[in-house]
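Input: a single structure, listed below in structure tokens.
What follows is the structure, encoded as structure tokens:
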């Protein structure tokens, strides 16, 4: 049985680009994103996971994986469930709602998998995945949360891989997704000074 979905609000990016300048701006940002590499280090001074870009949460044990993330990945990749698009979209909306205060660093690898699954559907022509993919990118634009002070080192590879995946969306040819990805990358480079309180760890 299909899942009844409430009408999703359209993505309204804070980043405003007109048609003439947008292509040049995205091209410049794409080159900047492509220049990122593991060798730069994500945990040092001025890095993407420096203190002003992330929030450490003390007193909690880090979980290896959130059941919601794993269930969504299994649903989107499963041989018998990979075509259940309504359920995929519903799960992605649920995850974004649960993580509305920002993702934890230790979940970024799973978030990247989900973004990759959604992007594959877009490349196959299923535009129903535009809103949930934009939602994921919106949450990624928020400050990241750390359960351990060394999470930036422990999950450096996952962080770098996620940034490369997000930068690839600039070439996806879907304007709302490209804008959301550009805004997410810009927020990582130039984060806001004020940070929301961290949510409970998933």
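Numbering (this note's numbering), first residue to last: 19 to 220.
Just so you know, even glycine gets a beta-carbon here, dropped at the ideal spot from N, CA and C.
Of the residues the options, the one placed nearest residue i, counting alpha carbons only
| i | options | result |
| --- | --- | --- |
| residue 140 | 129, 157, 194 | 194 |
| residue 132 | 190, 180, 188 | 180 |
| residue 108 | 189, 172, 177, 146 | 146 |
| residue 126 | 154, 100, 192, 96 | 154 |
| residue 192 | 120, 164, 122, 149 | 149 |
| residue 143 | 208, 88, 103, 175 | 103 |
| residue 168 | 205, 112, 122, 207 | 122 |
| residue 128 | 166, 100, 92 | 92 |
| residue 163 | 119, 87, 97 | 119 |
| residue 178 | 95, 124, 90 | 124 |
| residue 114 | 100, 98, 90 | 90 |
| residue 112 | 86, 94, 95 | 86 |
| residue 200 | 166, 165, 88, 156 | 156 |
Range covered by the beta strand (DSSP E) that runs through residue i
| i | result |
| --- | --- |
| residue 124 | Element bounds for residue 124: n/a, residue is neither H nor E. |
Bounding residues of the alpha helix (DSSP H) (the contiguous stretch that carries residue i)
| i | result |
| --- | --- |
| residue 192 | Where residue 192 is concerned, there is no enclosing alpha helix (DSSP H), given that its DSSP letter is neither H nor E. |
| residue 106 | 103 to 116 |
| residue 95 | 85 to 95 |
| residue 170 | 169 to 172 |
| residue 156 | 148 to 158 |
Anticipated Cβ contact below 8 Å, residue i with residue j, distance rounded
| i | j | result |
| --- | --- | --- |
| residue 300 | residue 137 | Residue 300 lies beyond the stretch modelled for the chain, which goes from 19 to 220, so this question has no answer here. |
| residue 185 | residue 203 | 6 Å |
| residue 188 | residue 196 | 5 Å |
| residue 99 | residue 134 | That pair is no contact at about 16 Å. |
Any non-hydrogen atom of the ligand FAD within 6 Å of residue i CB
| i | result |
| --- | --- |
| residue 179 | With respect to the ligand FAD, the structure offers nothing, as it holds no ligand at all. |
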